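Okay, so the sequence shown: first residue is 74 according to our numbering, each after it adds one.
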Amino acid sequence: MTGAIVNEVPYNEELMENNLAAEGCLDGSFRILANVTGMWLIQGIIKSLNLPDNSDTYQKITEMAQNAKPFSSYINVDDPSLQNPQDMIQAIIQQSIKDNDTVLNETSQVIRTALEGIAFKVNEVKEKLSKILEIEFKRIHVVGGGTRNELLCQFIADATGLTVLTGPIEGTAVGNLVSQLYALELVKNFEEARDLIKRSFEFQCFKPKEHDIWKEAFISFQKKK
């Protein structure tokens, strides 16, 4: 999920046209969200390679992607063909041929193309939200499994031109805990809850390093859609 927290929902046709959802939060605010296919692609690649789903594997595939040629191809990570394929690697290869008329010959290229595609999609949603909500974003906060892939987090920073903060990895569990603390009035508001989280977990920070290069690549990505 990629989105932003706002105090009021802008009721306009652009929300529906861009498939954005509005969810109410416990404190009365709202989350404007878009479904973005993310680490599901990487999990599928790991399954295709018959590798264990652990930190060593994530480190290995990250290194493979890091050593691959940048922007070998462009894919729409939200394409239905990538939602539940029998072989994720082959599905991405076919998607690359369909979207970009490019054959990915190496597994490292497949992994990098998937990660770049996720970063491009996050930037696309960011730009839509910025326009619809009339907000100039200053940073992006990544929680959950995506925090384990530092290369992806750097890609998101480069693609969006924004600082990316990551953590905690167990975002759902921490969110449930905070909701219970709020319901029991053990925290007064979500600002206090966020401060508690900041003091309880370690966070990483990723600054944009190659935003100009990614900006040009994003234009090419948009043209290929």
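All C-beta atoms, glycine included, are put in the ideal place defined by N, C-alpha and C. Remember, predicted model here, so these are calculated numbers, not experimental data.
What residue does the alpha helix (DSSP H) around residue i start on, and which one ends it?
i: G244; result: 244-256
i: F103; result: Note, F103: premise wrong, no alpha helix (DSSP H); beta strand (DSSP E) at 103-107.
i: I292; result: 284-297
i: I118; result: 112-121
i: E213; result: The sequence shown places Ile at residue 213, not Glu. Taken as a continuous stretch (DSSP letters only), I213 belongs to no alpha helix (DSSP H), being part of the beta strand (DSSP E) at 212-215.
What residue range is occupied by the uninterrupted beta strand (DSSP E) comprising residue i?
i: G190; result: Per DSSP, G190 belongs to no beta strand (DSSP E); it is in the alpha helix (DSSP H), 180-206.
i: E264; result: From DSSP, E264 is part of no beta strand (DSSP E) but of the alpha helix (DSSP H) over 263-273.
i: E96; result: 94-97
Taking just the CA atoms, how far does residue j sit from residue i?
i: S181; j: S273; result: 36 Å
i: I270; j: H214; result: 13 Å
i: T220; j: A230; result: 13 Å
i: E289; j: K296; result: 11 Å
i: M137; j: R185; result: 8 Å
i: V183; j: K280; result: 25 Å
i: Q139; j: N249; result: 35 Å
Taking buried to mean at least 16 other C-beta atoms within 10 Å of its own C-beta, is residue i buried or exposed?
i: Y84; result: exposed
i: S128; result: exposed
i: M112; result: buried
Under a three-way DSSP split, which group does residue i fall into?
i: G234; result: coil
i: Q159; result: coil
i: E81; result: coil
Taking contact to mean at least 3 C-beta pairs separated by less than 8 Å, is the stretch 164-171 in contact with the stretch 84-97?
no
Are the stretch 92-99 and the stretch 178-193 touching by the rule of at least three beta carbon pairs closer than 8 Å?
no
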